[in-house]
Amino acid sequence: MRKITDIKEMQQIGLLMLADVDKYCRENDITYFVGYGTLLGAIRHKGFIPWDDDIDIIMPREDYNKFIREYGNERYKVLSNEYTTDYYYNFAKVVDLKTYAIEHGRNVRIQDLGLYIDVFPIDHLKKNKGLSFNIFYKKVHLLNRMLLYSKNDSLDNNTKLSHKILWKMSRKIGFLSLLILC
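Numbering of the sequence shown is given in this note's numbering, commencing with residue 35 and proceeding in unit increments.
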């Protein structure tokens, strides 16, 4: 594996990865769109946001599920919470197995993770008279944090008290607490 530090090189490798993902998606009738910082960069900068080092794509849930289950080759691999032990994000990453990067997340560090494309599922939110979008969003955000903390081994001294409580609750109660919150 080769460690990449130059942002232009990261962006070029990202484009090569996207070309492979695009080819696979076209051949397998999988719908995807560029999104978030990648879309902003394409519109505002006619390419990448100068400091952005990854690509973000979004897929309808059915296509996302098919993609994370089936995509991969000798160069690229999908990491997902559904199929990868100790993976803590609620979205998938396509990683380049020939590169090396260290990602620092919220009190979590993944080592030996190659350069990547973030792959986000998009779900249809049905109208529900009893559940406002704000409440739904807050529940999802809380569940995401609990997932992140349940997969983390420790927290540092700079961690907020509320995050430490979530971590302890997630570690002790596990996903039973998720059922209670839903």
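Just so it is clear, CB atoms sit at the ideal spot from N, CA and C, and this is done for glycine as well.
> When we look at the beta-carbon of Q45 and count the other beta-carbons within 10 Å, is it buried (16 or more) or exposed?
Replying inline: With 16 or more other Cβ atoms within 10 Å, it is buried.
> Which of helix, strand or coil does DSSP assign to K127?
Replying inline: Judged by DSSP in its simplified three-state form, K127 adopts strand.
> Looking only at C-alpha atoms, which of Y117, T119, G148, I91 sits nearest to R109?
Replying inline: Measuring from the Cα of R109, the nearest candidate turns out to be G148.
> Is DSSP giving M93 helix, strand or coil here?
Replying inline: The DSSP-derived three-state label of M93 is strand.
> In terms of alpha-carbon separation, which member of L49, I169, Y98 lies closest to N62?
Replying inline: The shortest C-alpha separation from N62 is found at Y98.
> Quick one: Cα of I83 to Cα of D157, how far?
Replying inline: Looking at the backbone, the Cα of I83 and that of D157 are separated by about 27 Å.
> In whole angstroms, what separates the C-alpha of V142 from that of Y121?
Replying inline: Low local confidence applies: a pLDDT of 42 at V142 is under 50, so the model's placement there is unreliable, with the coordinate-based value given in what follows. V142 and Y121: Cα-Cα distance of roughly 10 Å.
> So who's on the other strand from P155, going by DSSP bridges?
Replying inline: Note: P155 sits in a beta bridge opposite M93.
> What's the C-alpha gap between H138 and H175?
Replying inline: Its pLDDT being 47, under 50, H138 is placed unreliably in this model, and the value from its coordinates should be taken loosely. Rounded to whole angstroms, H138 to H175 spans 19 Å at the Cα level.
> What is the DSSP secondary structure of K80, reduced to helix, strand or coil?
Replying inline: Taken through DSSP and simplified to helix, strand or coil, K80 comes out as coil.
> What residue range is occupied by the uninterrupted alpha helix (DSSP H) comprising K42?
Replying inline: Start and end: 41 to 61.
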